[in-house]
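Heads up: the sequence shown is residues 1 to 92, going by UniProt numbering. Ideal Cβ positions, reconstructed from N, Cα and C, are used throughout, including at glycine. The structure presented is a predicted model; accordingly, all values stated were derived computationally and were not measured. Each remark here refers to the structure printed beneath this line.
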Amino acid sequence: MKSKRYPEEFKREAVKQVTERGYSVSEVAQRLDTTTHSLYAWIKKFGEPQPQSSEDLDLVSENARLKSELRRITEERDILKKAARYFANNPE
């Protein structure tokens, strides 16, 4: 069985039908006489990056903020431990 070659513009338009217009992959593949496997590959290649990337950036910045706060609080705790030991050994 010989595979069909589709122009890039055809592939991009097929992807738009799924990503922008909300049609299902199987429905678009059937209407365009192609396979769902091909359509998923086109979506991976030509589709827009998922909005999760902004969520990922938020998580990375939150993680950095929490690490910084943990480092500060750990330093404060260590200082308080030293002070407690000092005053326990040297009552006034």
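> Who are the Cβ neighbours of Tyr-6 in its own chain at under 6 Å, not counting the five residues just before and after it?
Replying inline: The residue labelled residue 6 in the question sits at position 6 within the sequence shown. Closer than 6 Å at the Cβ level, and outside the excluded window around Tyr-6, lies no residue.
> Assuming Trp-42 and Lys-11 make a contact with CB atoms under 8 Å, what is their CB distance in whole Å?
Replying inline: The residue labelled residue 42 in the question sits at position 42 within the sequence shown. The residue labelled residue 11 in the question sits at position 11 within the sequence shown. Right, the Cβ-Cβ distance comes to about 4 Å (below 8 Å), so this counts as a contact.
> Near Ser-38, what residues of its chain come up, given a Cβ to Cβ distance below 7 Å and the 5 sequence neighbours on each side ignored?
Replying inline: Against the sequence shown, residue 38 aligns to sequence position 38. Closer than 7 Å at Cβ, skipping near neighbours: no residue.
> If you compare alpha carbons, which of Ser-54, Gly-47 and Thr-34 is closest to Arg-21?
Replying inline: The count along the sequence shown starts at 1 and reaches residue 21 at position 21. Looking at the Cα atoms, Gly-47 is the closest of the given residues.
> Hey, quick one: how far does the alpha helix (DSSP H) through Lys-44 stretch, first residue to last?
Replying inline: The residue labelled residue 44 in the question sits at position 44 within the sequence shown. Here the alpha helix (DSSP H) through Lys-44 covers 36 to 46.
> Nearest-angstrom Cα distance between Thr-35 and Ser-3?
Replying inline: By one-based count along the sequence shown, residue 35 stands at place 35. By one-based count along the sequence shown, residue 3 stands at place 3. Rounded to whole angstroms, Thr-35 to Ser-3 spans 10 Å at the Cα level.
> Skipping 5 residues on each side, what residues in its chain have a beta carbon closer than 7 Å to that of Tyr-23?
Replying inline: Residue mapping note: residue 23 aligns to position 23 of the sequence shown, counting from 1. Contacts found: Gln-17.
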